[in-house]
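Just so it is clear: in the sequence shown, position 259 is 287 by our numbering, and no numbers are missing.
Backbone N, C-alpha and C define an ideal beta-carbon position, used for all residues, glycine too.
Owing to the predicted nature of the structure, the values given are computational and were not obtained by experimental measurement.
Take a look at the structure set out below.
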Amino acid sequence: MPVAVDRTRAMTASVVPDSPLKPTQDAPNNDAQTPNPRKRRKAKGKEVEELEEEAWSWKSLTDSSASRVPPIFTRDGSYFFSAAGPSVKIHSVATGEVVSTLTPPPNSVSGGAGTSQHTDTVTAAILSPHNPFQLITGSQDGYIRTWDFLDASLLQTISISHPIFHLAAHEKFREYVFVATARSTKKKTKGGVATAEDNVTVSRVSLIPKADCTGSAVHISSETINVGKTRLTSGLAVSPSGAWLVATAGHKAYVCQTGDLKAGFTKFVSPERLTCLAFHPSEEYFATGDATGCIRLWYCLNESATTKTPGVEKTAQTTTLHWHAHAVSSLSFTANGAYLLSGGEEAVLVIWQLHTGKKEYVPRVGSPILHIALLSTGGEEEYLLSLADASFVFIRASSLKISRSIARIKLDPAISYDRPSTSSSVPLAVHPLSSTLILPSSHPSSLQTFAPSSSKLVSELEVSPSNRVSRRDDKPLQPARVERVVLSDSGDWMATVDTREAEDPPRPEVYMKIWQWDRKSGFWILNTRIDRPHGPTRLSGIAFRPGLRSQEGLLLATVGADGNIKTWRIRSVKTKSEGVEEFWVARSSLRFRAEIPSDVSWSPDGSLLAVSVGSHVAIYEPDSNTLCQVLTCPDCPSASTLQFLGASGRYLLVNGPQDVLLWDLVSQTLRWRHRSPVAINQVIAHPTEEQFAIFERVQSTTADAPSTRVSIFQTGSSVPVAIRTLPFRLRSTISVPPTGFLPTDPSGFALVGITEAWSVVVFGDDIQLPEEEGASAHGITQDASVRKRTLFHDIFGVSAFADLTSIPGPSTAPIPTHAWDGKEAVEIFDAPAHLLPPLESLFDSVMDSFLAARPGEDEEEPEQQREDEMDVDEPADEDDRPAKGGAPLDRVVDRQEMHGFVELFMNYAIKAPPSRPPPVQANGIHKPNGIPPHLNGPRATPKSTPKANPNGATPNGHAYTPSRPPPADASPASTAGKKRKKSLG
29 MPVAVDRTRA MTASVVPDSP LKPTQDAPNN DAQTPNPRKR RKAKGKEVEE LEEEAWSWKS
89 LTDSSASRVP PIFTRDGSYF FSAAGPSVKI HSVATGEVVS TLTPPPNSVS GGAGTSQHTD
149 TVTAAILSPH NPFQLITGSQ DGYIRTWDFL DASLLQTISI SHPIFHLAAH EKFREYVFVA
209 TARSTKKKTK GGVATAEDNV TVSRVSLIPK ADCTGSAVHI SSETINVGKT RLTSGLAVSP
269 SGAWLVATAG HKAYVCQTGD LKAGFTKFVS PERLTCLAFH PSEEYFATGD ATGCIRLWYC
329 LNESATTKTP GVEKTAQTTT LHWHAHAVSS LSFTANGAYL LSGGEEAVLV IWQLHTGKKE
389 YVPRVGSPIL HIALLSTGGE EEYLLSLADA SFVFIRASSL KISRSIARIK LDPAISYDRP
449 STSSSVPLAV HPLSSTLILP SSHPSSLQTF APSSSKLVSE LEVSPSNRVS RRDDKPLQPA
509 RVERVVLSDS GDWMATVDTR EAEDPPRPEV YMKIWQWDRK SGFWILNTRI DRPHGPTRLS
569 GIAFRPGLRS QEGLLLATVG ADGNIKTWRI RSVKTKSEGV EEFWVARSSL RFRAEIPSDV
629 SWSPDGSLLA VSVGSHVAIY EPDSNTLCQV LTCPDCPSAS TLQFLGASGR YLLVNGPQDV
689 LLWDLVSQTL RWRHRSPVAI NQVIAHPTEE QFAIFERVQS TTADAPSTRV SIFQTGSSVP
749 VAIRTLPFRL RSTISVPPTG FLPTDPSGFA LVGITEAWSV VVFGDDIQLP EEEGASAHGI
809 TQDASVRKRT LFHDIFGVSA FADLTSIPGP STAPIPTHAW DGKEAVEIFD APAHLLPPLE
869 SLFDSVMDSF LAARPGEDEE EPEQQREDEM DVDEPADEDD RPAKGGAPLD RVVDRQEMHG
929 FVELFMNYAI KAPPSRPPPV QANGIHKPNG IPPHLNGPRA TPKSTPKANP NGATPNGHAY
989 TPSRPPPADA SPASTAGKKR KKSLG
């Protein structure tokens, strides 16, 4: 239950500490009257002018946006290519990992260092129709590059001096490509900058360079033939037969015969703007998608339809398919041409059966679909979807279900559609237990967890379940948005705040949810949901009490626009099953005068709670809710944020729109004040050191890229000690603790931020991240890929087929002899248990391999032996001893294994005699002379040794035991007249 607060006591407490305000108000005047500080400030002011702005080291963890180039599979289907800025990434189809990255060297671009990093973006890519191991790319800087992706080498660079939009090629035209390039414009602005026009030229360019370009890094094409002019192309393709070239642009489809390029294009009019193009794999027609969601099949690839009539734009015979509510982003035919795949903003893959017009759906793929690619190998098809949040999804054609997805950090889809992002708040936090980042996901109602150490997306958390339909007509729907996320120092608790804007009445729906970390599963589990924690108003600040505290001492403080300062605690209740259930409840509610609080912060030891309310800072003792001190800042009428500095928490940092004030809580004075000439974007304190960084947005012109200036201050002076610059603007920034995932100097800054383009960047002092696998160019081999999963793997398991392809065939080479070590028999049990035969059938063969039979004698024993001689055992010669194993056993048999063998022998080796009498055997167990057999079978034969040789040595150099008893059917008369050998025992 909330604790009631006496209004009189609160007012008195806020007035009593007003005495320290006098020296704080006069503190700036005292500094002005003291000559020495002014001289130091003046001197330091000169130093500020002399400080050079140094670029801060930074690295992006995400791509700038989803690729506009459709993914391309290699001929064998083991890899696929995806464009990311100026580079092309090669992914393994089986694992999804990036195995290599093709990046053009700096010396291959004639622009050199002055070339902007945004002008060399890859805009088109195709596989060479003549060499399946070569990739041809086109970029915005006007270069056609040919790559050998197996060796990760750049073979050739051809410049055509105009930005490239699309590429197309066919095996019929060797060493030629069709290119859609931007046309130069004559229109310029008042500043002399050329205006961008949607005018494109389609040309056929030869990949053979001119003879005078030999030896240079960049070549010029030896032949270029212009086909025609169009608007900005949305597609360019050559028919499978190679007879037709088709380009889509604006409201027209441009068709040209490749055998007569000089005749130019024939224009066919579409009622709506065309957005994508796809050719049928075997027949002479193509499909287009438009901005209203209609799909048209065009039957105009014939000479009669393409006959030009001056001044007339033709219409073609078409078939219309319509399901999509918004623009169709991509089209693709299946390999047999029986189905057509389409996708768009609805995040639904539609499979059209062309013969019947029926359709099937794969809904909720995760994000709007940008591109569709087909993988057809081994008789099984898979669909690869490139999504607007920079992720990839594989869908099996047999089940029409998502089989796997490939994602790094999911982006806001609005960036991929060149629309401004509607998200205003940017939740950002560091989870210390898993060393991961908690970031906003592609949908504003979700969060994603990213591991910088492995550069992998760990999980995605849907904070507020919502409809993923973006818009019904043209007006976007307002989803729930996660505005804030904070974590406790232990990493066991996370608090999120999600808000949904309501239209009627215009009051937001605010929900505060507290999640508990499950260490076993590694996921967040919702523990408590609090509806409208501050009434119908928004939360303006939220923070956990720092320190590794017990459940009783852990508190959560929130402030809102309703003017209340609330704390929340954990409550434990016993359940009927004698368990304990924990959930969060309100602990106390406070108010400071009639001011509206804007932010809340805890001291490092958790003993003080500071709240910014207007031009004041109220400091409370959290255990008793006592108001300890009030700091007033007349020069900063509206304090936006505040935070404690250093590990001791002696200093309190307060910042407003353009002011930063540093308070010393021990002396209760204002240490110094800094006023920025521009608006302050954010202030970040160092987690352990007494220093902080001020982020300011630099006023940029149209020619300059937006940037951020970072001034680093220490508590000793209001003059920055260093100034850093970043080539982007930031939406949100957090500091990573020294024990985090960034190996850097503990005294330096290690920061993570989200830019205005929704890229996640890491920056600071000497930032070092582990080298990503596949981040640079590496050669790949065809057998390096993992074998694809098939239907038999799903039925019998992967282990059943793990070594089938690696079993060698029969070999004629002689088998080398080696010492027996028992491994051959053990390898029998490496196969899956459900594939092994019964153990009874394996027992004899296994035991024979463990217990090798002693070899028999080569020579038979002579029949006559001398009576007076007695067998004597003599030591064998060193050369005649049996060979012992050369390699010792590499394992030790323990007691548990021995018990297992004993049980095995008892169950399978020691068996009762059969119930029926055994058949008569040929070796004469039943003796013909009438002597009854013994109960245990044939009469035991005493041990005998061979007759000693004259030299005193036994045959084979050692005493032996016959491998089997003598024949029992021999008559006693056969031994008459012979003496029995003397026994040795």
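Can you have a look at MET522 and say buried or exposed, based on whether 16 or more other CB atoms are within 10 angstroms of its CB?
-> With 16 or more other Cβ atoms within 10 Å, it is buried.
Coarse secondary structure for GLY263, derived from DSSP in three states = GLY263: strand per DSSP, three-state reduction.
Pairwise C-alpha distance: GLY792 and TRP84 | Roughly 6 angstroms between the two C-alpha positions.
Hey, ILE186 and ILE172: beta-carbon distance below 7 angstroms or not?
-> At a Cβ-Cβ threshold of 7 angstroms, ILE186 and ILE172 count as neighbours.
How many angstroms separate the CA atom of THR346 from the CA atom of LEU402?
-> Between THR346 and LEU402, the C-alpha separation is close to 25 angstroms.
Sort VAL266, ASP288, GLY287, LYS257 by Cα distance to GLY278 and report the nearest one.
-> GLY278 has its Cα closest to that of LYS257, out of VAL266, ASP288, GLY287, LYS257.
Can you give the beta carbon distance from ALA275 to THR261, rounded, assuming they're within the 8 angstroms contact cut?
-> The pair is a contact, with the Cβ atoms about 5 angstroms apart (cut-off 8 angstroms).
Is it true that the region 530-546 meets the region 470-487, where meeting means three or more beta-carbon pairs spaced less than 8 angstroms apart?
-> With the cut-off at 8 angstroms, the region 530-546 and the region 470-487 do not touch.
Have a look at the DSSP bridge pairing and note the partners of ASN683.
-> DSSP lists THR669, VAL688 as the beta-bridge partner residues of ASN683.
Measure the alpha-carbon distance for ALA1024 versus ILE542 and round it to whole angstroms.
-> Residue 1024 falls outside the range modelled here, since the chain spans only 29 to 1013, and no answer is possible.
So what does DSSP say about VAL613, is it helix, strand or coil?
-> The answer is strand: DSSP assigns VAL613 an E or B state.
Identity of the residues DSSP links to ASP476 by a beta bridge = The identity of residue 476 in the sequence shown is Gln, whereas the question assumes Asp. In DSSP, GLN476 forms a bridge with LEU467, GLU488.
Note the first and the last residue of the continuous alpha helix (DSSP H) segment covering GLN924.
-> Where GLN924 is concerned, the enclosing alpha helix (DSSP H) starts and stops at 923-932.
Excluding the five sequence neighbours on either side, which residues of its own chain have a C-beta within less than 7 angstroms of the C-beta of PHE101, listed in chain order?
-> Closer than 7 angstroms at Cβ, skipping near neighbours: PHE108, ALA401, LEU403.
Which value, in whole angstroms, describes the spacing of the CA atoms of ALA457 and LYS342?
-> The alpha-carbon atoms of ALA457 and LYS342 are separated by roughly 58 angstroms.
Can the beta-carbon of LEU289 be found less than 7 angstroms from the beta-carbon of VAL246?
-> No, Cβ-Cβ distance for LEU289 and VAL246 is not below 7 angstroms.
Cβ-Cβ distance between VAL682 and LEU670 below 7 angstroms | The answer is yes: Cβ separation under 7 angstroms.
Can you tell me the Cβ-Cβ gap for VAL228 and PHE193, rounded? I've got them flagged as a contact below 8 angstroms.
-> Contact holds; Cβ gap of about 6 angstroms.
Identify, in the order they occur along the chain, each residue of the same chain with its Cβ nearer than 6 angstroms to the Cβ of HIS702, setting aside the five sequence neighbours on each side.
-> Non-local C-beta neighbours of HIS702 in its own chain, meaning closer than 6 angstroms and more than five positions away in sequence, comprise VAL688, SER746, ordered along the chain.
Would you mind sorting LEU195 into buried or exposed? The rule is 16 or more other CB atoms within 10 Å of its CB.
-> Its Cβ being crowded by 16 or more others within 10 Å, LEU195 is buried.
Can we say the region 616-629 touches the region 638-649, given the rule of at least three CB pairs closer than 8 angstroms?
-> Flag = yes, the region 616-629 and the region 638-649 touch.
Do ALA803 and THR335 have their CB atoms nearer than 7 angstroms?
-> Contact flag unset, no.
Check ALA592 in the structure and name its three-state DSSP category.
-> The sequence shown places Asn at residue 592, not Ala. Assigned with DSSP and collapsed to three states, ASN592 falls in strand.
So what's ALA112 in DSSP terms, helix, strand or just coil?
-> Note: ALA112 maps to strand in three-state DSSP.
Taking VAL283 as part of the beta strand (DSSP E), name the residues at either end of that continuous run.
-> 280-285 is the span of the beta strand (DSSP E), which, as asked, contains VAL283.
Give the DSSP bridge partners of TRP351, in chain order.
-> Here TRP351 is not bridged, per DSSP, to any residue.
Assigned secondary structure, ASN555 (DSSP; H/G/I helix, E/B strand, else coil) = Under the three-state reduction of DSSP output, ASN555 falls in the strand class.
From which residue to which residue does the alpha helix (DSSP H) around GLU409 run?
-> No alpha helix (DSSP H) contains GLU409, which is instead part of the beta strand (DSSP E) from 408-415.
Kindly identify the DSSP beta-bridge partner or partners of ALA153.
-> Bridge partners of ALA153: THR165.
Can you have a look at SER298 and say buried or exposed, based on whether 16 or more other CB atoms are within 10 angstroms of its CB?
-> SER298 counts as buried, since at least 16 other C-beta atoms from the protein chains shown sit within 10 angstroms of its C-beta.
Quick one: give me the first and last residue of the alpha helix (DSSP H) that ASP872 is part of.
-> 867-878 is the extent of the alpha helix (DSSP H) around ASP872.
Going by the C-beta, is ARG759 closer than 6 angstroms to any heavy atom of the ligand MG?
-> The model on display carries no ligand, and the ligand MG is accordingly not part of it.
What is the DSSP secondary structure of PRO748, counted as helix, strand or coil?
-> Annotated three-state conformation of PRO748 is strand, per DSSP.
Nearest to PRO132 by CA position, among VAL497, PRO99, GLY166, is which residue?
-> Among VAL497, PRO99, GLY166, the Cα nearest to that of PRO132 is on GLY166.
Could you tell me which of SER414, LEU359, GLU80 sits nearest to SER93, measuring between CA atoms?
-> Ranking SER414, LEU359, GLU80 by Cα distance to SER93 puts SER414 first.
Burial state of PRO553 (16 or more Cβ within 10 Å) = Note that residue 553 is Ile in the sequence shown, not Pro. With fewer than 16 other beta carbons inside 10 angstroms of its own, ILE553 counts as exposed.
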